[in-house]
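S.K.: Okay, handing you the structure first.
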Amino acid sequence: MESPQNLAVSENRPVSAAPRPDTITGRIPVTDVQPVVQEGRFPAKAVVGEDVPVRATVFREGHDGLGATVRLFGPDGAEVQRVHMRPGRPGLDEFLATLRPAELGLHTFVVEGWSDPVGTWRHAAQVKVAAGMDVQLMLDEGVALFSRAAADDNRSAEDRELFARLSRALADETVEPVRRLEALEADDVDRMLAARPVRELVSSSEEYPLDVQRRLAGRGAWYEFFPRSEGARYDEALGRWVSGTFCTAAQRLDAVAAMGFEVVYLPPIHPIGRTHRKGPNNTLQAGLQDPGSPWAIGAAEGGHDTVHPDLGTLEDFARFVARAHELDLEVALDLALQCAPDHPWVAEHPEWFTTRVDGSIAYAENPPKKYQDIYPLNFDNDPNGLSEAVLEVVLGWVERGVHVFRVDNPHTKPLWFWEWLIARVREEEPRVVFLAEAFTRPAMMHALGRVGFQQSYGYFTWRNTREELEEYLEEVTSRTAGFYRPNFFVNTPDILTPYLQTGGPGAFKIRAVIAATSNPLWGVYAGFELFEHVPRPGAEEYIDNEKYEYRPRDWAAAESAGASLAPYLRRLNEIRAQHPALQDLQNLTLHASTHPDLLVYSKSRRARPEGTHARAERVTDASSEGLEATEAVDTILVVVTCDPHRVAEATLRLDPAALCLRPQDLDHHGRFEVEDLITGQRWRWDAQPYVRLDPTDEPAHVLRVVRG
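The UniProt record's numbering puts the first residue of the sequence shown at 1, with every later residue one more than the last.
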């Protein structure tokens, strides 16, 4: 940070404007800047094209007017966007704005507070001149103020001429004083002052980092399936099951792409150990032909750097990845840092594991659960050697076209390791995305986000009531969004909630609608579209769990018989792709209803950002005041019942401001039109419409606000 000094209109890199070099506070204090992660130690998260809300507290002594500006600097250090902030909640000195970064890389931003001499004088002049108080003095001060602005070489010739015109108008003694002030009411004056205000005593916050990553880091629809189940069959001649392969699994990719998913996630594809191999439904005894859990990684055939021979070869995997890319699908690979007792690392590097006092290697436990087929890694004995080995594994898969990793149980490894690994991998390939499978305490889940994980599983799976969902959505879309991005998976091989076990098809639709429309990241585990809901007795897991056995499914027969949710999932992903409002995380507004089970929320996004990203001009100021009548806005309003068993009827209490309604969007009764994007129906609504939802038919309205 440069030496503190007072500034006039600052056009260069920000500096502190403390009045003395031995003080910290600027002339116009700027505090409580967001999004800031641990005082800027870690960067806040964003993706290219995302709307990033910025908030700050800006205040000053006395009653003079002030303003605030947020400035965004690109990876090369040049300013790429500048937005003048709008006042937030009255009485709190809060200022708000939205940035929309346009390029990848580590950006920085600052918030500047500044004195608004024009606004201060304008308010005083209008009051005093109308009251006949200090009339000539007020006019003379206005002449001096606009004369100074007209002489500012940092201004364009057009701006300087406008200020000169105002100065002449105020000095024109042939016109009554009140009429002279009317010169300031011209539209071109308002537009210029909103976009390029006169700023004095500019004071800057610290510079804070903003890591702008590719779209898939914060947006995307995921689909999980086991390659070994796709094409698996029971061979009567052999008297045993035959595994599916990468070749047969590739045939499933067309259907996954047709449903609109963007990421296909594969559980571990590596050799599976035989020592203590688990049998069906996690039994301790496996038969000779039981395939075992893919998470028990490592056998004589190799470890984390190779593929299970039943699935094929590395060349076969390369063809699978190539086919996925042809369909615009990315392949996400499971990164499970644990080993079967047969893993080569166990013999080669026993120091990478925990040895108990009896000389045995400790296996994984989550009491009362025991995983005798898995040895956890221990990063304390040889941290450098083990971390370098893992880095080599990850970069090896990156070279094979894998740029997304779903990390198993990252909360059981030290945070320093993830901070180091993710940074090193991104140095080699910035496109790599890491998803944390961390169903654990909030402090650890949030810490994983801070140290580098772009997204994470979360508590959505267990948030089912309206009250639970409202609280959770408010948390993840506002309080933690700067560093923690949840991926709303509706189910996993390990999680079949009671809600899905007993809720019937309506429960599956409800969960899919909420996950797909409230969050730009969501995911489905195979079988969800077939309404699979039978649990293993006494567990929140599927019976005949695919983790321990082959589970081929007849997808085509289910869909042709109308027994598949695939068309519904396809429509939800189409809606997501067509509506930019659903691609941002922090633009969700909750609305009220008179029924305790009806969840109501909206998401809006402007077509035009609040600043410019044109590198040719580098910077253009832009006002964030209000919504222009001609500006396009995409607004989606979702009304969904959280009870899959009963009809819900209610009156909604909508916030028109959150729906960004303009005069031309309303008819002469003050109503606006909405279109249900699932059924195609249209209605005229006011701010308190009546709705009725039947979960056995359509449990949700996904509505587009029709613009006039």
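In this text, a Cβ means the ideal position worked out from N, Cα and C, and glycines have one as well.
Can the beta-carbon of N573 be found less than 8 Å from the beta-carbon of A516?
M.R.: As a first step, residue 573 must be located in the sequence shown, where it is residue number 573. As a first step, residue 516 must be located in the sequence shown, where it is residue number 516. Yes, these two residues count as a Cβ contact at 8 Å.
S.K.: What alpha helix (DSSP H) runs, 4 residues minimum, are completely inside the region 226 to 265?
M.R.: Complete alpha helix (DSSP H) runs here, min 4: 246 to 250, 253 to 258.
S.K.: Shortest alpha-carbon distance to R240 belongs to which of Y690, Y550, V307?
M.R.: The count along the sequence shown starts at 1 and reaches residue 240 at position 240. With distances taken between Cα atoms, R240 lies closest to Y550.
S.K.: Within 10 angstroms of the Cβ of D211, are there 16 or more other Cβ atoms? Answer buried if so, exposed if not.
M.R.: In the sequence shown, the residue the question calls residue 211 occupies position 211. That one is buried.
S.K.: With K413 as the anchor, note down where its beta strand (DSSP E) starts and where it stops.
M.R.: Position 413 of the sequence shown, counted from the first residue, corresponds to residue 413. Counting along the chain, K413 falls outside any beta strand (DSSP E), and DSSP gives it neither H nor E.
S.K.: Pick from A125, E262, V307: whose alpha carbon is nearest that of P268?
M.R.: Counting from 1 along the sequence shown, the entry for residue 268 is found at position 268. Checked all of A125, E262, V307; the closest Cα to P268 is V307.
S.K.: Quick check: the region 653 to 663 against the region 592 to 602, are at least 3 beta-carbon pairs closer than 8 Å?
M.R.: Yes: the two stretches touch, three or more of their Cβ pairs being nearer than 8 Å.
S.K.: Out of curiosity, what's the CA-to-CA distance linking Q583 and R219?
M.R.: One-based indexing of the sequence shown puts residue 583 at position 583. One-based indexing of the sequence shown puts residue 219 at position 219. Rounded to the nearest angstrom, the two C-alpha atoms are 6 Å apart.
S.K.: Please report how far the alpha carbon of R71 lies from the alpha carbon of A194, in whole angstroms.
M.R.: Taking the first residue of the sequence shown as position 1, residue 71 is located at position 71. Taking the first residue of the sequence shown as position 1, residue 194 is located at position 194. Between R71 and A194, the C-alpha separation is close to 16 Å.
S.K.: Go ahead and pull the three-state DSSP assignment for F531.
M.R.: Along the sequence shown, one-based indexing puts residue 531 at 531. Here F531 sits in coil by DSSP.
S.K.: Under a Cβ-count criterion, where at least 16 other Cβ atoms within 10 Å of its own Cβ denotes burial, should T174 be classed as buried or exposed?
M.R.: The residue labelled residue 174 in the question sits at position 174 within the sequence shown. Classification for T174: exposed.
S.K.: Kindly indicate which residue of P376, E330, G359, E365 has the alpha-carbon position closest to the one of W352.
M.R.: Stepping through the sequence shown from its first residue, residue 352 is reached at position 352. The residue with the shortest Cα to Cα distance from W352 is P376.
S.K.: Quick one: what's got a C-beta closer than 8 Å to A616's C-beta in the same chain, skipping five residues either side?
M.R.: Reading the sequence shown from its first residue, position 616 is the one you call residue 616. Reliability fails at A616, whose pLDDT of 31 lies under 50, so the model's placement of it is uncertain and the value that follows must be treated cautiously. There are no such residues.
S.K.: Have a look at S156 and A164 and give me their C-alpha separation to the nearest angstrom.
M.R.: Taking the sequence shown and counting its residues from 1, one reaches residue 156 at position 156. Taking the sequence shown and counting its residues from 1, one reaches residue 164 at position 164. Roughly 12 Å separates the two Cα atoms.
S.K.: By alpha-carbon positions, which one of V48, P644, L500 ends up nearest to R100?
M.R.: Here the question's residue 100 lines up with position 100 in the sequence shown. The shortest C-alpha separation from R100 is found at V48.
S.K.: For a test of the three-state rule: what should DSSP assign to K369, helix, strand or coil?
M.R.: Here residue 369 refers to the residue found at position 369 when the sequence shown is read from its first residue. DSSP places K369 in strand when its eight states are reduced to three.
S.K.: Suppose you measure from the CA of L96 to the CA of W114; what does that come to, to the nearest Å?
M.R.: Reading the sequence shown from its first residue, position 96 is the one you call residue 96. Reading the sequence shown from its first residue, position 114 is the one you call residue 114. Whole-angstrom Cα-Cα distance: 15 Å.
S.K.: Roughly how many whole angstroms lie between the Cα atoms of V118 and V189?
M.R.: Position 118 of the sequence shown holds residue 118. Position 189 of the sequence shown holds residue 189. Answer to the nearest angstrom: the Cα atoms are 11 Å apart.
S.K.: Could you name the residues of the same chain whose beta carbon sits closer than 8 Å to that of T313, not counting the 5 residues immediately before and after it, in chain order?
M.R.: For the purposes of this step, residue 313 is taken as the residue at position 313 of the sequence shown. Excluding sequence neighbours, T313 sits near V307.
S.K.: Under 8 Å by Cβ, that's how I've got residue 717 and R671 pegged, so tell me the actual separation to the nearest angstrom.
M.R.: Past the edges of the chain, shown from 1 to 708, lies residue 717, and the structure says nothing about it.
S.K.: If you count every other CB in all the chains shown that lies within 10 Å of the CB of A299, and 16 or more means buried, which is it?
M.R.: Along the sequence shown, read from residue 1 onward, the residue named residue 299 stands at position 299. Buried: at least 16 other Cβ atoms inside 10 Å.
S.K.: Can you find at least 3 beta carbon pairs, one from the region 433 to 443 and one from the region 402 to 417, that sit closer than 8 Å?
M.R.: Yes, they touch.
S.K.: Taking the continuous beta strand (DSSP E) assigned at A46, which residues delimit it?
M.R.: Residue mapping note: residue 46 aligns to position 46 of the sequence shown, counting from 1. First-last of the beta strand (DSSP E) with A46: 44 to 47.
S.K.: Check whether the region 638 to 650 and the region 671 to 684 are in contact - that is, three or more C-beta pairs closer than 8 Å.
M.R.: The region 638 to 650, when compared against the region 671 to 684, does not touch it at the 8 Å Cβ threshold.
S.K.: Compare the Cα-Cα distances from G77 to each of H107, E474, N491 and report the closest residue.
M.R.: Residue mapping note: residue 77 aligns to position 77 of the sequence shown, counting from 1. It is H107 whose Cα lies nearest to the Cα of G77.
S.K.: Is the CB-CB distance between Y208 and F109 below 8 Å?
M.R.: One-based indexing of the sequence shown puts residue 208 at position 208. One-based indexing of the sequence shown puts residue 109 at position 109. Yes. Within cutoff.
S.K.: Note down, in chain order, each residue of its chain lying with its Cβ closer than 8 Å to the Cβ of V402, except the 5 sequence neighbours on either side.
M.R.: Here residue 402 refers to the residue found at position 402 of the sequence shown. Cβ within range, chain order: V321, V331, A332, L333.
S.K.: What is the DSSP secondary structure of Q455, reduced to helix, strand or coil?
M.R.: Looking up residue 455 in the sequence shown gives position 455. Strand.
S.K.: Please confirm whether L137 and P177 have their CB atoms less than 8 Å apart.
M.R.: The sequence position of residue 137 within the sequence shown is 137, counting from 1. The sequence position of residue 177 within the sequence shown is 177, counting from 1. Result no, Cβ atoms of L137 and P177 do not sit closer than 8 Å.
S.K.: Looking at C-alpha atoms only, which residue of W420, L395, R463 is the closest neighbour of R431?
M.R.: Locating residue 431 in the sequence shown gives position 431, counting from the first residue. Selected option, being the one with the closest Cα: L395.
S.K.: What's the gap between the Cα of T497 and the Cα of A436?
M.R.: As a first step, residue 497 must be located in the sequence shown, where it is residue number 497. As a first step, residue 436 must be located in the sequence shown, where it is residue number 436. Cα-Cα distance, rounded: 20 Å.
S.K.: If you reduce the DSSP assignment to three classes, tell me which class F483 lands in.
M.R.: Start at 1 with the first residue of the sequence shown, and residue 483 comes out as number 483. Three-state result, F483: coil.
S.K.: Helix, strand or coil for K128, going by three-state DSSP, please let me know.
M.R.: Here residue 128 refers to the residue found at position 128 when the sequence shown is read from its first residue. Helix at K128.
S.K.: Of the residues P294, E112, D51, P309, which one's Cα is nearest the Cα of I374?
M.R.: Here residue 374 corresponds to residue number 374 of the sequence shown, with the count starting at 1. For the residues P294, E112, D51, P309, the minimum Cα distance to I374 belongs to P294.
S.K.: Measuring CB atoms only, is the region 657 to 668 touching the region 465 to 482, in the sense that at least three cross pairs come out at less than 8 Å?
M.R.: With a cut-off of 8 Å, the region 465 to 482 and the region 657 to 668 do not count as touching, because too few Cβ pairs lie within range.
S.K.: Rounded to whole angstroms, what's the CA-CA distance from G458 to S478? Just pull it up for me.
M.R.: Sequence index remark: in the sequence shown, residue 458 carries index 458 (1-based). Sequence index remark: in the sequence shown, residue 478 carries index 478 (1-based). Cα-Cα distance, rounded: 15 Å.
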